[in-house]
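Asks:
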Amino acid sequence: MQLKAVFVQTLLIGAGLCQVQVIQKALQDITQGLTQLDTSVKALNDAQSGAAVIQQASALLDTIKSSTVAITNAQELTLQDALGLQQTAQQLPSQANTTMSDLVSKKSVLDQLGATQQAIQTLKEQKVASQDLGKAVVTKIPAVGQQIAQQQLDQISQTFDQGITGLGGSPNKRAVALVV
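Counted from 1, the sequence shown has number 444 at position 52 by my numbering; the numbering is strictly sequential.
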């Protein structure tokens with residue numbers, strides 16, 4: 393009988409680890425995507441390097457969206473599991489801040505390439521996707537930890553706002569395309 397109880401507990405712990413790993417991997421993938429985008433942004437100096445930035449920005453958006461789906465499909469975490477995510481979760485706002493700062497520092501290059509408005513629109517799309525991601529993450533955290541998780545996610549949203557503003561855009565307005 394004890395062996396059966398140990399086996400069931402092992403399965404439950406394993407299932408919990410799987411859920412943590414799903415969310416951890418999603419956050420790590422996004423952090424890695426931000427790092428790759430940052431590398432492209434730092435190299436931005438002409439149209440060719442601009443194409444790499446666009447490619448990395450698009451890949452990051454896809455990663456955020458696929459991570460949101462993965463997290464949405466994951467089960468809720470225990471408090472202990474949620475606490476185990478803190479280190480991974482703290483890396484994300486830090487990398488987002490670095491990437492936005494580097495992007496804003498390249499505004500003159502974006503202006504020369506005529507790509508500033510496209511960059512602003514992409515940041516707005518990434519912000520919306522990251523807010524959806526945040527909602528998915530918060531629903532997986534026990535109630536006692538949701539406020540802390542939301543604060544970290546709000547930092548990312550504010551970082552996107554800073555990037556949008558730094559490039560001359562308005563973070564609360566969606567870009568509208570006019571067709572004539």
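The beta carbon of each residue, even a glycine, is placed where N, CA and C say it ideally should be. Here the structure is a predicted model, which means the values were calculated and not measured.
Quick one: does Ala418 have its CB under 8 Å from some CB of chain B?
Replies: The chain inventory of the structure shown lacks chain B, comprising one protein chain alone.
Asks: Work out the CA separation of Ala474 and Pro534 for me, nearest whole Å.
Replies: On the sequence shown, position 142 is the one that residue 534 refers to. On the sequence shown, position 82 is the one that residue 474 refers to. Taking the straight line from one Cα to the other gives about 8 Å.
Asks: Check whether the Cβ atoms of Thr431 and Leu525 sit closer than 8 Å, and answer yes or no.
Replies: The count along the sequence shown starts at 1 and reaches residue 431 at position 39. The count along the sequence shown starts at 1 and reaches residue 525 at position 133. A distance of 8 Å or more separates the beta carbons of Thr431 and Leu525.
Asks: Which word fits Gly506, buried or exposed, when buried means at least 16 other C-beta atoms lie within 10 angstroms of its C-beta?
Replies: Residue mapping note: residue 506 aligns to position 114 of the sequence shown, counting from 1. Classification for Gly506: exposed.
Asks: Do you know how far the Cα of Ile456 is from the Cα of Lys516?
Replies: Sequence index remark: in the sequence shown, residue 516 carries index 124 (1-based). Sequence index remark: in the sequence shown, residue 456 carries index 64 (1-based). Each residue's alpha carbon lies about 13 Å from the other.
Asks: According to the Cβ coordinates, are Gln411 and Leu429 closer than 8 Å?
Replies: Counting from one through the sequence shown, the residue named residue 411 turns up at place 19. Counting from one through the sequence shown, the residue named residue 429 turns up at place 37. No, the Cβ-Cβ distance between Gln411 and Leu429 is not below 8 Å.
Asks: Alpha carbon to alpha carbon, what distance is there between Ala541 and Gln479?
Replies: In the sequence shown, the residue the question calls residue 479 occupies position 87. In the sequence shown, the residue the question calls residue 541 occupies position 149. If you take the alpha carbons of Gln479 and Ala541, they lie about 12 Å apart.
Asks: Indicate the three-state DSSP secondary structure (helix, strand or coil) for Leu515 in the structure shown.
Replies: Here residue 515 refers to the residue found at position 123 of the sequence shown. DSSP places Leu515 in helix when its eight states are reduced to three.
Asks: Give the DSSP-derived three-state secondary structure of Leu477 in the structure shown.
Replies: On the sequence shown, position 85 is the one that residue 477 refers to. Coil, per DSSP.
Asks: Kindly indicate which three-state DSSP category Leu436 falls into: helix, strand or coil?
Replies: Stepping through the sequence shown from its first residue, residue 436 is reached at position 44. In the structure shown, Leu436 falls within a coil segment according to DSSP collapsed to helix, strand and coil.
Asks: Measure the C-alpha to C-alpha separation of Pro563 and Thr470 and round it to an integer number of angstroms.
Replies: By one-based count along the sequence shown, residue 563 stands at place 171. By one-based count along the sequence shown, residue 470 stands at place 78. Going from the Cα of Pro563 to the Cα of Thr470 covers about 35 Å.
Asks: Taking Thr423 and Leu484 to be in contact with their CB atoms under 8 Å, please state how far apart those CB atoms are, rounded to whole angstroms.
Replies: Translated into the one-based positions of the sequence shown, residue 423 becomes position 31. Translated into the one-based positions of the sequence shown, residue 484 becomes position 92. Their Cβ separation, rounded to whole angstroms, is 5 Å, which keeps Thr423 and Leu484 in contact under 8 Å.
Asks: Closer than 8 Å is the cut-off here; do at least three beta carbon pairs connect the segment 546 to 558 with the segment 432 to 448?
Replies: The answer is no - the segment 432 to 448 does not touch the segment 546 to 558, with fewer than three Cβ pairs under 8 Å.
Asks: In whole angstroms, what is the alpha-carbon distance linking Gln467 and Lys532?
Replies: Translated into positions along the sequence shown, residue 467 becomes position 75. Translated into positions along the sequence shown, residue 532 becomes position 140. Answer to the nearest angstrom: the Cα atoms are 7 Å apart.
Asks: Fully enclosed by the segment 526 to 563, which alpha helix (DSSP H) runs are 4 residues long or longer?
Replies: 535 to 558
Asks: According to DSSP, is Gln483 helix, strand or coil?
Replies: Your numbering for residue 483 matches position 91 in the sequence shown. Gln483 falls in the helix class under three-state DSSP.
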